[in-house]
Every structure is written in structure tokens, then in C-alpha cells.
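Per the UniProt record's numbering, the very first residue in the sequence shown carries number 1; after that it's consecutive.
To start, the structure itself, in C-alpha cells.
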Amino acid sequence: MPAEDEMVLLAADEASWPISSPPPAWFAALVAIGLYIVVRSAATFLLWLHRAFLRPGRDLAGWYGTWAVVTGATDGIGRAVALELARAGLHLVLVGRSPDKLARVAKEVLAAAPPSCKVRTVEFDLAVTGDDDARRGVARVVAAVEGRDVGVLVNNAGATYPCAAYFHEVERPVWEAVLRVNVEAATRITRALLPMMAAKGRGAVVNVGSGSSVVVPAFPLYAVYAASKAYVDQFSRSLSVEYKQYGVDVQCQIPLYVATKMSPVKGASPFIPSPEEYARAALRCIGYEASSTTQAERESSGEGQDAATEESSVTRPRKGARARRPNVLVSGPEWA
């Protein structure tokens, strides 16, 4: 090796290298914050994967009871939920406004369900204006489950405006019908059946809410509808705390878009489920969170206001009409 190279190597060996100083405090803080965000995001994603693909649904008949009551059961989400409950081995009480549609869905349920499945129907227009009529309707629902092991109540029925409108443009019969179906009917039926579940120490109440009251900070031009669904969510959360000690699970399921008659989206897609897809996901969620954005726990996401579009006791408006006449769209098989 040349003498010059040896001298360079010796000089390098004898040189004192600087010792690295610790990073500044602000840099360490940024690293810690970054790690926290990464870990939290990963945990959230893993939790979503668990809910969507790994968490098993409960044996509803064995866990809660052998009979289920479904309002708005003749179309859309309500019909799909009724079919899934029957396939899961539950007997059904279908609540709806149209006797013909109730009979049709009852036949469909019996054809799809095990031979032992029993189906009862209750004709009840949830938008009735008189207190006496409402009481009689609830009494018919109670009579249909009297002496039976009622385990699941699905308050699926819902109503909204026929089109977007400022609140002062919405006539009184319209917003009153929205409140009667979304708030009063769900409250009355829950009040009638919840004590039966609490008395036997098990049961599940599933109220169908809407993303309009949870996902967005405001839902202008549908103020009464969004407010009524916010009531449903808080009603469910509070009852969940009250009745957990009695073995009754109360849950608000909050759909986003679902391809129903009530939704502006008319066909299912990878991101918008059909009522049947939504119903399968909804049943898997029963008994877990008090408030559940159901699409977050399925393979695709979407919204579904309660179920199909239905006309109430008043007339349906022509296409494009403003909400100045007493019209109302009812979801859920006629909210029924």
C-alpha cells in the first residue's frame, strides 16, 4: 500500500468522531403524535374489519325470543328484514296499512322460511290522526303477540316530505304525519312491547334511524324529518342504558343510502346496497352498539331511509310538485 494511503488511514483512525445529540423536543413530539395517529387509525380499521367480516350475528330466536314484530313490513327494508328474520327461525307479526300487501308478504315469508314458521298480520295505519285510533292500532299489535315469546321489535316504518321544502312551505298535515309515524308510532309500540321483554329478562328493540340526523351537521329542507330521526336515535340510546339491566338490547340502526323507492338511488351498486343486502347486515348488528351506522358493518355502504315509498292517508303529489299540499311519502312498507 502506498505510504500516502497509509497516512490517510492512520489519520482517519486517530480522528475523534462527533457524538450525535438527541433530537429536539419538538421533533420527538411530532414522532409521538404520528405514531399515535397511525396506531389509532390501524385500530379503527381493524375494528371495522371485525365488525364487517368477523363478528358473528346472534342466534336471535335463542337469545331474545321466538317472535318478532316488524312495522312497515310490506316493502323495501321492512320486507327484507322480515324475510331474514323468518329465515333465522323467528315467527313474525307484520304490521302494515294495506291488507293486500300484508297478505302478499306473508305468503313470501312462508315460502322462504322453515315449515314451522308462523306469520300473523296487523292492519294499522301509523299516520292515523285520532288518539283513539292509534290506541286501537297498538292494541291490535299487542293482541297479536299476547301469550307469545316476543323477542324482537323492529320499528322500521318512516315518513318524510314528498320533496324538499322550506319549513314554512310544508303544510301542517304533512309534518304532523311525519311526526306521527316517525316519533309517536315508534314510541307507542315500543312502550307497549318493551315491558313484555323486560318481564322475561330478554329482548331486542331495533329502531331504524337515518344518516340525515347523525352523519351531517344539518339537513336543510327536510327539517322535521331529520329532527324526528334524531329523536329516534336519542330515544334508542337512552332506552339502551335504562333497559340493559333487564336484558333488553335497544339499538338505533342508521342506514345511509339503500336502493329503495324512498331513495333517489334506484339501483344497487358496490357502494349502495339493496334492501336484501342491508337486511342481512342489519341482523348481524342486532345486540351490539346502541347506535349503529349499519353500512359501516357491511361490504358496501349506502343509505336507506326506512324502506319503500308509500302514500299515506293523503294523496301522493305529481312529479316535481312543491311540498305545499298535504302529501307525505311513507317508507317501510307503508310504514305500516
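C-beta: ideal position from N, C-alpha, C; glycine also.
Helix, strand or coil at R318 [DSSP, three-state]: A caution first: R318 carries a pLDDT of 38, below 50, which makes its placement in the model unreliable, though a value can still be read off. Note: R318 maps to coil in three-state DSSP.
Endpoints, alpha helix (DSSP H) assigned at G62: 60–63
CB of L193 within 7 Å of CB of L153, strictly: yes
For T190, the three-state DSSP class (helix, strand or coil): helix
Close beta carbons around G247, own chain, < 6 Å, minus the five adjacent residues each side: G201, R202
Whether A73 touches A82 by CB criterion (7 Å): Judged by beta-carbon spacing, A82 lies within the 7 Å limit of A73, meaning their Cβ atoms are closer than that value.
CB-CB length for V170 against V224, believed under 8 Å: About 7 Å separates the beta carbon of V170 from that of V224, a gap short enough to meet the 8 Å contact definition.
Bridge partner(s) assigned by DSSP for D67: Here residue 67 is Trp; the residue named in the question, Asp, does not match the sequence. DSSP, once it has assigned bridges, lists H91, V150 as partnering W67.
The region 41–49 / the region 176–184 touching (three or more Cβ pairs under 8 Å): Cβ pair count under 8 Å is below three, so no.
Q234, enclosing alpha helix (DSSP H) - first and last residue: 223–243
Alpha helix (DSSP H) runs wholly inside the region 156–201, at least 4 long, in chain order: Here the runs fully enclosed are 172–179, 186–200.
Close beta carbons around L110, own chain, < 7 Å, minus the five adjacent residues each side: The beta carbon of L110 sits closer than 7 Å to those of C117, V119, all from its chain and outside the five residues before and after it, given in chain order.
Endpoints, the alpha helix (DSSP H) within which T44 is located: 25–49
Reduced DSSP category for A103 - H, G, I as helix; E, B as strand; rest coil: A103 falls in the helix class under three-state DSSP.
Burial state of W26 (16 or more Cβ within 10 Å): exposed
Beta-carbon gap between R97 and D75 smaller than 7 Å: no
Within 7 Å, strictly: CB atoms of Q251 and A282: no
Nearest candidate by alpha-carbon position, reference Q234, set T160, V206, P114, Y222: V206
Enclosing beta strand (DSSP E) for R97 [first to last residue]: That residue, R97, is in no beta strand (DSSP E); it is neither H nor E in DSSP.
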